[in-house]
Amino acid sequence: MRCFLPLLIFISSCINHQPQESDNNFIPSPKSELEIVYAKGFEINYTANHTVLVSKSIAGNDYFRDSLILQHADNESCSAFKSFFEMPRSLNCQSSTHLAYIDFFDQLGTVKGLCGIEYVHPGKINDELVINGTQEVCLGENIQIESVLKTNPDLFMVYPFAISQVESLESNGIKTFMIAEYLETHPLARLEWLKLFAVIFEQEEKANAYFNEVEEEYNSLTQMEPDSNKKFIFNLPYGENWFTPSANSLIVRLLEDAGLYYFYQNEVGTENITHPQEQVWSDGTKADYWVIIADRPDDFSLAQLQEENSVYTSFKAVKNHQVIFCNSRTSDYFLTGVIEPHLMLKDILYATHKIDNYTPKYFRLLK
Amino acid sequence: MLKFKDISLSVNKRLLFNLQQLDISEGLLALVGRNGSGKSSFIRSILNEFEEYSGEIYLKSVPLRQITKSELAEKIAVVYSKVDVFGDYTVEDILKLGRLPYQNRFAITSDQDNEIIARVANDLGIKDFLSRKFTELSDGEKQLVMIGRAFVQDTDLILMDEPTAFLDLVNRSKLIKLLSELAKNQNKLILFSTHDIDLLDRYCSSVLLIDNNELIELQSNESYINQIKSAFKIT
Amino acid sequence: MNKDIIVLIGLVLVVFVLALLNLTTGVVKIPFSDIFDVLTGGSVENESWSYIIENRFNRSIVGIVAGGGLAVAGLLLQVFFRNPLAGPGVLGVTSGASLGVALIILGGITLEGIAGGLGLFTAGVIGAFLVLLLLLFISRYVKNQITLLVVGLMLGYFVSALLNVLFLFADQSETREYVIWGLGSFSGLKNLEMIGFVLVVGISSFGAVLMAKGLNGLALGQEYAKSLGINIRTLRVGVIVVTSVIAAIVTVFCGPISFIGIAVPQLIRLISTSKNHAFLIPLCFVGGSVLGISSDLLVRLSANSLPLNTVTAMIGAPIIIWTIIKLNKSFAKI
């Protein structure tokens, strides 16, 4: 995190350049200002001459803080490395989840390079990437500097955990900005990152309108209290361990908003929590629901799940056909799912028989 | 004990030597010849490991080619000039290996095996260091143990391929003297190849010389050394 | 030799105690009476417990047998190549088996059930076999023992390089499956697989005991062994078949497990008085079992946070270094 220190100094230096009296003759910024309600991972700070986008760690995570300065007029000079006079018009993304936000504003054409194109499964977004000639810029998990330089992006949107890669990008003159929407603890907070992208694409009204609409629908569907008779366990093992989300993760929040009760409710952490398989096997006989997000064949069935390990037949959720499954291979869970929390909530409600007459998009009951 | 008939031995089609007729019996026999003359090939062909020869070798009237390798292990023992033991073996462990041909596939040592080992250790004067580590012995002691191992194998014929090559002068003469006594006392045929001709007159019952593509038995009424020197034109 | 029998009985007891510990400890506390009920075919209140106990039981057996098999394979390779640092891992035999497995997993060949196990096993055996043939070929021309080790290590690197190439073409779930397998684990074998596993390793190890006489003779080198009536050709085939079958089946079912194969034979040679492989092989097997089952116990005591390969390395590497120092005198030139 050392590397952010100079950045912070740059930013403060920008702000300090402004005359003190600027507050007095405040000129309203040309765009409508966005208000952040749920998200804790970013801020949008408006001043007379700049809009500053700040992304930061949420309590409990490794500390980081990153800023991007968007200058309204070119008469003010700012020496900060990461400042823009014009909005960045060519992007690279380290995560395909960013595509959901970008696609919302019909700006996929700006994405010149992406990490892991092969993992974007066939569909509208994939088609557009192909048409636009988006380049692969990573090998495995490593950013390939040469590929990035070839696409010459105005801005590279990165994960906050790849510090050394960020350093080498910046030393090659590529501006980066950290996007950590997945650290949010509320599904609506993750959706709210749409507003950050809205500033970049100058489409604040569209973002606001959509956000308000989804927020309203989501909140109207939210069940008041998680029901402790509807306990759920989560996911599948990795080797001999189960990595399950911490109790304050956004996916757990979504399931709680659907009225389910997390089996590992008291295990609060920052990201995943590890459980030895024996523990989960034992708990599986008691949990009413089993929520799985996994990469499986199209027609994955309850029988196939039980074939993976016969112990699953002893799970209560399997016996009662209450396995709620999202196929990350065939659904857009990691793409459009990010901006459709209300639909995911509805899916869960439908699977748990709270609503009828609905066609689920992401989650279904395993048959 | 060993009979050779119409032998013609060659390596890669290159003739090493011919041997029309030879009959050898008990005693200490030296095999002499220049490097590459075919001493090792000769020993290896008696061990049934080298078959590029015409003619027939008989061991106690049985053609060698008809004897299987496991049978042969009970009839011929061998000592090479150097051994590289893998593992932390004691002298006794090494001697025990001489009993291998007589053991079943689980190689359990019998009382009889132990008796033979004790007798040989006594004969060769190595019973005081039976429990010493083989790797800690001097070169002379090591070779003595390997000869002991050959005796433990309890065969009438023992072949030695330059057994004294890595020994100093004193150890060489000690070893040859011991071998000549053992051959005489125990009615064995010990055939050894060597470059060390000084000791032959004193200890050997007979000497085989390979020279000019011929293997001949030297006359025992003349000095072996002189015959060899004249054959090699050394004066 | 009497001392060796005491050591053997002692090690068997240690294996038994460790196996009992492995059965009775775990994150889920199960009363001993229930464990006994399940093992004797009864039923228990919590249905998952029978699965948990079955899993603990199977992985204990697999750990015991895999550890034993690897140690026997290591001993055979050390004697055959006359190299105290040889072992299925160092010589690249495990890498060969891994490559076979990787070609199947990453090549996207999906085989279900028993056919899957057999397919992987066959691929593993072929891989291990080819590496051994290559080593034999090289050892015929290069007598230096260090060279052989370096060749083995290079084969390992070469295989992992090939694997990296395969990774590029594999999809995420195949890669994940391969990575999990690479961490090593004695867990996950179903009853039928376990029985097959025990039979294959057991028969191979017994086959090794049948070669005891030849292995004894090899202590003096191949020339002397031949003069003792040992058929080197048969012995060579035997050693290759036994070590590649053991290394392959363990690698296929448990992952590429390192260190047990080298460390155990070295230790056993130090503590045993007999030089007869008819004793040394069973001793090595049981010694390997102790290391196998204790590694699994450690994996489970760490709540699975330490992968098997990490544990065997943590136990095995110090043993190897210690024995190298101790053996340095007797193996002055390797």
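Chains X, E and C are the protein sequences, given in the same order. Going left to right, the first sequence walks through residues 1 to 367 as the working numbering numbers them. Going left to right, the second sequence walks through residues 368 to 602 as the working numbering numbers them. Going left to right, the third sequence walks through residues 603 to 936 as the working numbering numbers them. No residue lacks a Cβ here, since even glycine has one placed at the ideal position from N, Cα and C. The structure displayed is predicted, hence computed values, not measured ones.
Within its own chain, the residues whose Cβ lies closer than 7 Å to the Cβ of SER168 of chain X, once the five positions on either side in sequence are excluded, are ILE145, listed in chain order. Ranking C:GLY729, C:GLN774, C:GLY857, C:GLY754 by CA distance to the CA of SER741 of chain C puts C:GLY754 first.
GLY612 of chain C is outside the set of residues whose beta carbon lies under 7 Å from a beta carbon in chain X. At a cut-off of 7 Å between C-beta atoms, GLY422 of chain E does not count as an interface residue with respect to chain C. Our two residues, LYS346 of chain X and LYS354 of chain X, have alpha carbons roughly 9 Å apart in a direct line. For a Cβ distance threshold of 8 Å, residue set ARG778, ILE782 of chain C lies close to TYR238 of chain X, ordered along the chain. Of the candidates C:ASN818, C:ARG778, C:LEU903, C:ILE654, C:ILE654 places its Cα closest to the Cα of VAL280 of chain X.
The beta-carbon of GLY719 of chain C is placed no less than 7 Å from the nearest beta-carbon of chain X. As far as DSSP is concerned, LYS544 of chain E takes part in no beta bridge. In the three-state reduction of the DSSP assignment, ARG89 of chain X falls in the coil class, being assigned neither a helical nor a strand state. With a beta-carbon spacing of about 6 Å, LYS500 of chain E and THR457 of chain E fall inside the 8 Å limit used to define contacts. In this structure, the alpha-carbon of LEU504 of chain E lies about 42 Å from that of LYS372 of chain E.
Secondary structure at PRO276 of chain X: strand, using DSSP grouped into helix, strand and coil.
Straight through space, the alpha carbons of ASN793 of chain C and PHE473 of chain E are spaced by roughly 33 Å. Per DSSP, MET178 of chain X is not a residue of any alpha helix (DSSP H); the beta strand (DSSP E) it occupies stretches across 176 to 178. ALA397 of chain E and GLU584 of chain E have their C-alpha atoms some 10 Å from each other. For chain C, the residues of the region 419 to 444 of chain E that bring a beta carbon within less than 9 Å of one of its beta carbons are THR435, LYS436, SER437, GLU438, LEU439, ALA440, GLU441, ILE443, ALA444, in chain order. Looking at the backbone, the Cα of GLU278 of chain X and that of ASN235 of chain X are separated by about 15 Å. Classified as exposed, PHE634 of chain C has fewer than 16 neighbouring CB atoms from the shown chains inside 10 Å of its CB. Going by C-alpha positions, ASP578 of chain E is about 27 Å away from GLU825 of chain C. Among the CB atoms of chain C, none fall inside 7 Å of the CB of ASN272 of chain X. GLU649 of chain C belongs to the set of residues whose beta carbon lies under 7 Å from a beta carbon in chain X.
Looking at E:LEU582, E:CYS571, E:GLU581, E:VAL512, the one whose alpha-carbon comes closest to that of SER590 of chain E is E:CYS571. In the DSSP assignment, LEU462 of chain E falls within the alpha helix (DSSP H) that extends over 458 to 464. A straight-line Cα-Cα distance of about 28 Å links PHE409 of chain E and VAL487 of chain E.
Three or more Cβ pairs closer than 8 Å define a contact, and the region 50 to 57 of chain X meets that threshold against the region 174 to 183 of chain X.
In terms of Cβ geometry, GLN94 of chain X and TYR46 of chain X do not form a close pair [threshold 7 Å]. Between the region 488 to 499 of chain E and the region 857 to 869 of chain C there are fewer than three C-beta pairs closer than 8 Å, too few to call the two in contact. The beta carbon of GLN223 of chain X lies closer than 7 Å to those of ASP257, ALA258, GLY259 in the same chain, with the five residues before and after it left out. If you draw a straight line from the Cα of GLN868 of chain C to the Cα of THR925 of chain C, it is about 7 Å long.
GLU240 of chain X is classed as buried because its beta carbon has at least 16 other beta carbons within 10 Å across all chains shown. LEU679 of chain C and LEU672 of chain C have their alpha carbons spaced roughly 10 Å apart. Think of a sphere of 7 Å around the beta carbon of GLU278 of chain X: the chain C residues whose beta carbon falls inside it are GLY628, VAL629, VAL630, ILE654, in chain order.
The C-beta of VAL512 of chain E comes no closer than 7 Å to any C-beta of chain C. Residues LEU610, VAL811 of the same chain have their beta carbon placed closer than 8 Å to that of PRO884 of chain C, with the five preceding and five following residues left out of the count.
Among the CB atoms of chain C, one or more fall inside 7 Å of the CB of LEU467 of chain E.
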